[in-house]
Amino acid sequence: MLENNTGHIVGVNGNMLTVEFETAVTQNEVAFAVLGDIRLKAEVIRVRGRRADLQVYENTAGLKVGDTVEFTNDLLSVELGPGLLTQVFDGLQNPLNKLAEKSGFFLQRGVYIGALDYERQWDFTPLAKIGDRLTAGSYIGYVPEGIFKHYIMLPFLFRGTWELVDVAAPGSYKLRDCIAKAKNEKGEVREITMVQKWPVKIPISCYKEKLMPEKPLTTQIRSIDTFFPVAQGGTFCTPGPFGAGKTVLQHAISQHAEADVVIIAACGERAGEVVEILREFPHLEDPRTGKSLMDRSIIICNTSSMPVAAREASVYTAVTLAEYYRQMGLNCLLLADSTSRWAQALREMSGRLEEIPGEEAFPAYLESLIASFYERAGLVRLNDGGQGSITIGGSVSPAGGNFEEPVTQATLKVVGAFLGLSRERSSARRFPAIHPLDSWSKYRSIVAPEKLACARNILRRGNEVNQMMKVVGEEGTHIDDFVVYLKSEFVDFVYLQQNTFDKVDGATSRERQVYTFDKVIDVLESTFKFEDKDVARRYFLELRLAFTNLNYAEYQSDKFKELEKAVDEKISERKENA
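In this note's numbering, the protein residues as written are 26 to 603.
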């Protein structure tokens, strides 16, 4: 911290302060507003001449003109090191369990606690040797963290090439113990510990190149993997009205997706939903280990009742932690719920800054900020040749389910998949409520394109027949059109809908999805003979029930094979040229 780097308040507007200063101040620099014995954390968001505007991450009640503000000369940063997994942080990376121990149920202003446990011993195993030439992000050694090797890297802030002049022997060390020393080309020697800091608003880019995300991220949710796939290292969004099942869908994705590390950013959600996440996540079973899913998860918790400015910090904190684990060659899944609340925080601060508003009073640069957040996702090739990825999924909560509002539209311009949740489907209890006609994806599916096109064509034609029947009635519809409608309903019930709470149907493996979809396509491409519509309706209802029973049976078990035989017999029963 620079000596006497202070200023004084000349204006207070909600959680925004205007501060006059004498020495140099940097954009995004951290400062503390002094209120008696309390120091309130703030961030510089605009500098104009000798005045700086700061957003305060706490309630500003009691601050007045003339009060002192201390500048730290440090950007808003997070601590990166072993011990991040299993933690629940607020937007400023304060561990909430330790805050609760210190402050009780109601968190006090101005209380900040280190993110990591600095007294815990970690078993360090060196990988690099004295004399090795390293660059930022190169592995020096590792410590075990849960089921992963947590690599200790040359700090990301180290620029250029460094020669390792000392490295600790294998053994137990604390986070702040020196485990290595490195020398740069100028002869400067620096000590390296297991923990480092990194500014949250600057992407970590210590890798060789960014690759095109092509490999599908298997979520084991049929409607996503087959119809609207997400790529490993890609981006997707799940807009939907309240009650459409966004939170349950996120839980299902986080539990079953093929990701190593799951990070949940509960950004500005109602406290009830956040409590639900905190209660359920420790009890969700990790299919990979049989233990708690929390063992490889991090939750950034920032409720709607917390100061609005901290919502922005929570989003950037979450993506920085994801980038850190990507540097270790891990595949990370970041689920932000909800980016609409973050955008509302941006709108509030933009109004206080008296900026020219954009559509619906959101800042004119909203699209740029949303794009810069999703751009931090990606599949990368690391300096050692390995690969790591971040897949970002953001839920959007448009008022009244209106997808034309600015946040949804700005998000749709940058994401690779749009999983639009429908009020109509959720009211009809068709979960997951992803609309099969409105949603889309730019990524490759796990099934053949021509088969997918066939299913989509049936769904589209079935919807058209359904709309027509609402006008002319069932009796005014030709039986061929009626069969198309029944086929579309069949696809919906046996494939698109899924029981998240069932042990078998809640997670469908990639192999099983391909196998089941082939059977569904067999039904869609077949021609059936029916005497009248009642017979057709009864037949497809029985076929649907047979398929649903098949979905609830363990794949390739004796029960599965028995039910599969019954399905095949049912298909052949009315199939022409069977």
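For every residue, glycine included, the Cβ atom is placed at its ideal position computed from N, Cα and C. Remember, predicted model here, so these are calculated numbers, not experimental data.
Could you work out which residue in ALA473, GLY166 and ASP148 is closest to LYS154 when comparing CA atoms only? Here the closest residue by C-alpha is GLY166.
Among the residues of its own chain, which have a CB less than 6 Å from the CB of SER513, if the five just before and after it don't count? These residues qualify, in order along the chain: ILE483, LEU484 and GLY487.
Best match in ILE229, GLY270, ILE325 and LEU318 for proximity to ASN122 [C-alpha to C-alpha]: Of the candidates ILE229, GLY270, ILE325 and LEU318, the one whose C-alpha sits nearest the C-alpha of ASN122 is ILE325.
If ASP236 and ARG406 are in contact, beta carbons under 8 Å, what's the gap, nearest whole angstrom? The residue you asked about is not Asp; residue 236 is Leu in the sequence shown. Contact flag correct, Cβ pair sits at about 6 Å.
Under 8 Å, do ARG606 and VAL287 count as touching if we go by C-beta distance? Not covered by the structure: residue 606. The range shown for the chain is 26 to 603.
Counting only the same chain and skipping the five closest in sequence on each side, list residues whose C-beta sits under 6 Å from that of ASP99. VAL55
Boundaries (first-last residue) of the alpha helix (DSSP H) holding PHE604: No information on residue 604 is available, as it lies outside the stretch 26 to 603 that the chain covers here.
Three-state secondary structure (DSSP) of PHE114: Three-state result, PHE114: strand.
So, under 8 Å CB-CB, PHE553 and LYS595 are touching, yes? Tell me the CB distance rounded to an integer number of Å. Actually they are not in contact, since the Cβ atoms of PHE553 and LYS595 sit about 11 Å apart, beyond 8 Å.
Mind reading off the beta-carbon distance from TYR65 to VAL81? Whole number of angstroms is fine, and I expect it under 8 Å. The sequence shown places Leu at residue 65, rather than the Tyr named in the question. About 6 Å separates the two Cβ atoms, so the contact holds.
Helix, strand or coil for THR85? Go by DSSP, reduced to three states. Coil.
Give a yes or no on contact between the stretch 393-408 and the stretch 431-449, applying the rule of three or more CB pairs nearer than 8 Å. yes
Nearest-angstrom Cα separation, counted from ILE172 out to LYS226: Each residue's Cα considered, the two are about 29 Å apart.
Reducing DSSP to helix, strand and coil, say where ALA453 ends up. In this structure, DSSP gives ALA453 a state outside helix and strand, which the three-state scheme calls coil.
Could you give the C-beta distance for GLY270 and LEU109, rounded to a whole number, given that I count them as a contact under 8 Å? Not confirmed; about 29 Å, so no contact.
Which word fits SER339, buried or exposed, when buried means at least 16 other C-beta atoms lie within 10 angstroms of its C-beta? buried
Between the Cα of PHE253 and the Cα atoms of LYS586, ASP505 and ILE459, which residue gives the shortest distance? ILE459
Counting pairs of Cβ atoms below 8 Å between the stretch 289-299 and the stretch 325-335, do you hit three or more? yes
Can you check the stretch 295-346 for any beta strand (DSSP E) of at least 3 residues that lies completely inside it and give the ranges in chain order? 322-328
Looking at GLY129: is its Cβ nearer than 8 Å to the Cβ of GLU104? no
Identify the residues that DSSP records as bridge partners of ILE288: which are they? ILE323 and LEU359
Quick check: the stretch 425-432 against the stretch 272-287, are there 3 or more CB pairs under 8 Å? no
On the premise that ASN408 lies in contact with GLY162, defined as a C-beta separation below 8 Å, what is that separation, rounded to the nearest angstrom? 6 Å
Excluding five sequence neighbours on each side, which residues of the same chain lie with their C-beta closer than 8 Å to the C-beta of ALA561? ILE504, PHE507, VAL508, LEU511, PHE553 and PHE555
If you run the structure through DSSP and keep just helix, strand and coil, what is SER597? helix
If you reduce the DSSP assignment to three classes, tell me which class ILE34 lands in. strand
On the criterion of 16 or more Cβ atoms from any shown chain inside 10 Å, does ARG366 qualify as buried, or is it exposed? Buried.
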